[in-house]
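Worksheet for the structure shown next.
Numbering (the UniProt record's numbering), first residue to last: 1 to 477.
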């Protein structure tokens, strides 16, 4: 007996035999299938389907949650990193903006702090910061310029210095060895100039500079400026040429420093460069006459420096000079004539009038005591007066100045009509000094009472408003 039906069996041959097998039909509970699939197997298959659907979904949820947590942590760390980077160094955009070949080495702040003994030895100061003497780990001596009061404008100037100076090499330009950016601190590392700045040597109480040394300083400075104007891929205008920014090395080799006020100008940009900068007493008149600022502004400043090299004193140093016999015979109303006693004079005006009289030797530093000839003095005075012409187009280029100093180009002839403004400056200085000796009072008369002095000037034909405004900036300091 079989528990499951098998069906009937018939012979497949030619026999007539027929057989039957008896089966017993098993009864199933109501509601169950007899199709051969048990309920347990069905439930198992359903469980597998559910598992195949739910488990991957759950895994995806877990992975998504983990991804969100990881992204959040990465973002937080990235923000912190970017914040730290922004405090310690310029952004990538800033680096790209000023990135040029030859970018100098970047120093760590702690390294420079140790090199300068916590910024103890101050050797100078400038418009953007203080300069310290330092010794690096390799024993080399450097000058570390610490930028102070850094603003957006200051940062721009800082990166300009890095980009420009780091890629410029000339025997008469101070070399930038590296820089540091640490938090809000910005520092520049320069080669050390062991003889200090020209003003200390020229105006100090130390040994007197001989005439040949003065000539070599003038020639080296002219060559450095000529390279900035003509030797670089883009024209570089220093904008603050003065004795304090001319540093001296062994054998009084001059090197121009402090490019914090410099600008890279293309020809089409120069007419838009209107931000006033520099030092009063060396600024060209065009700063306040709405004229284009060009390399000729540096030429003017160089001319003023050259006059100080000749005389060995500041153009307005409040020194005295005795009255000569020739001056006694000159017009008593002449602004350059001396009173019966000692009198202060504005040296550029005095140099112009002595040049017109052919008395060049009187302009030389009295400490030289005859160790210079009238021809040597005349050469520098003529070049200086040509450089300070009021009209920029009348000033020679620095390349021409180098040629005149070297003797390759004939000396220019100063044009009195373009130098009358020096008489104007000189009269104001003389009038102020006779009222009171204090610098504050002199500054007030020279720069504070523009309208009164302008209207009272009757013997000067160049009395335009723009001309007086130029005097306010470029007059005696």
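For every residue, glycine included, the Cβ atom is placed at its ideal position computed from N, Cα and C.
Alpha carbon to alpha carbon, how far is residue i from residue j?
i, j, result
"residue 202", "residue 369", "16 Å"
"residue 378", "residue 283", "24 Å"
"residue 205", "residue 246", "18 Å"
"residue 316", "residue 138", "44 Å"
"residue 422", "residue 120", "43 Å"
"residue 344", "residue 430", "7 Å"
"residue 292", "residue 393", "11 Å"
"residue 466", "residue 285", "With a pLDDT of only 32 at residue 466, under 50, the local geometry of the prediction cannot be trusted, and the value read off the model is given with reservation. Cα to Cα, the separation comes out at about 9 Å."
"residue 125", "residue 74", "44 Å"
"residue 478", "residue 217", "Because the chain is modelled from 1 through 477, residue 478 falls outside the range shown and cannot be assessed."
"residue 67", "residue 142", "51 Å"
"residue 135", "residue 405", "37 Å"
"residue 105", "residue 235", "24 Å"
"residue 226", "residue 358", "30 Å"
"residue 361", "residue 396", "24 Å"
"residue 248", "residue 413", "30 Å"
"residue 70", "residue 59", "16 Å"
"residue 48", "residue 61", "20 Å"
"residue 307", "residue 376", "13 Å"
"residue 420", "residue 233", "37 Å"
"residue 350", "residue 163", "42 Å"
Could you give the DSSP three-state label for residue i: helix, strand or coil?
i, result
"residue 239", "coil"
"residue 377", "helix"
"residue 181", "strand"
"residue 68", "helix"
"residue 303", "helix"
"residue 312", "coil"
"residue 563", "What the structure shows of the chain is the stretch from 1 to 477, and residue 563 is not part of that stretch, so it cannot be assessed."
"residue 293", "coil"
"residue 350", "helix"
"residue 364", "coil"
"residue 402", "helix"
"residue 122", "strand"
"residue 50", "helix"
"residue 254", "strand"
"residue 418", "helix"
"residue 136", "coil"
"residue 246", "strand"
"residue 214", "helix"
"residue 62", "helix"
"residue 197", "strand"
"residue 408", "coil"
"residue 163", "helix"
"residue 117", "coil"
"residue 392", "helix"
"residue 227", "helix"
"residue 431", "helix"
"residue 384", "helix"
"residue 344", "coil"
"residue 424", "helix"
"residue 286", "helix"
"residue 112", "helix"
"residue 233", "coil"
"residue 43", "helix"
"residue 369", "coil"
Report, in whole angstroms, the separation of the C-beta atoms of residue i and residue j, which I expect to be a contact under 8 Å.
i, j, result
"residue 309", "residue 214", "5 Å"
"residue 130", "residue 187", "In fact, because the Cβ distance is near 10 Å, the residues do not count as touching under 8 Å."
"residue 221", "residue 302", "7 Å"
"residue 178", "residue 252", "With 8 Å as the limit, residue 178 and residue 252 do not qualify as a contact, their Cβ atoms being about 26 Å apart."
"residue 243", "residue 305", "6 Å"
"residue 170", "residue 224", "6 Å"
"residue 176", "residue 166", "5 Å"
Considering only the alpha carbon of each residue, which of the options lies closest to residue i?
i, options, result
"residue 181", "109, 212, 286, 351", "109"
"residue 407", "415, 385, 429, 380", "380"
"residue 133", "189, 104, 170", "189"
"residue 479", "258, 426, 208, 226", "Since the first residue of the chain shown is 1 and the last is 477, residue 479 is not available in this structure."
"residue 144", "192, 49, 199", "192"
"residue 294", "364, 257, 254, 240", "240"
"residue 281", "60, 236, 425", "425"
"residue 388", "176, 417, 361, 365", "417"
"residue 194", "237, 166, 140, 227", "140"
"residue 411", "420, 385, 419, 197", "385"
"residue 288", "196, 391, 250, 374", "391"
"residue 312", "352, 297, 365", "365"
"residue 398", "111, 43, 44, 237", "237"
Could you tell me which residues DSSP pairs with residue i in its beta bridges?
i, result
"residue 129", "147"
"residue 191", "142"
"residue 219", "Residue 219 is not bridged to any residue."
"residue 173", "256"
"residue 186", "147, 181"
"residue 106", "179"
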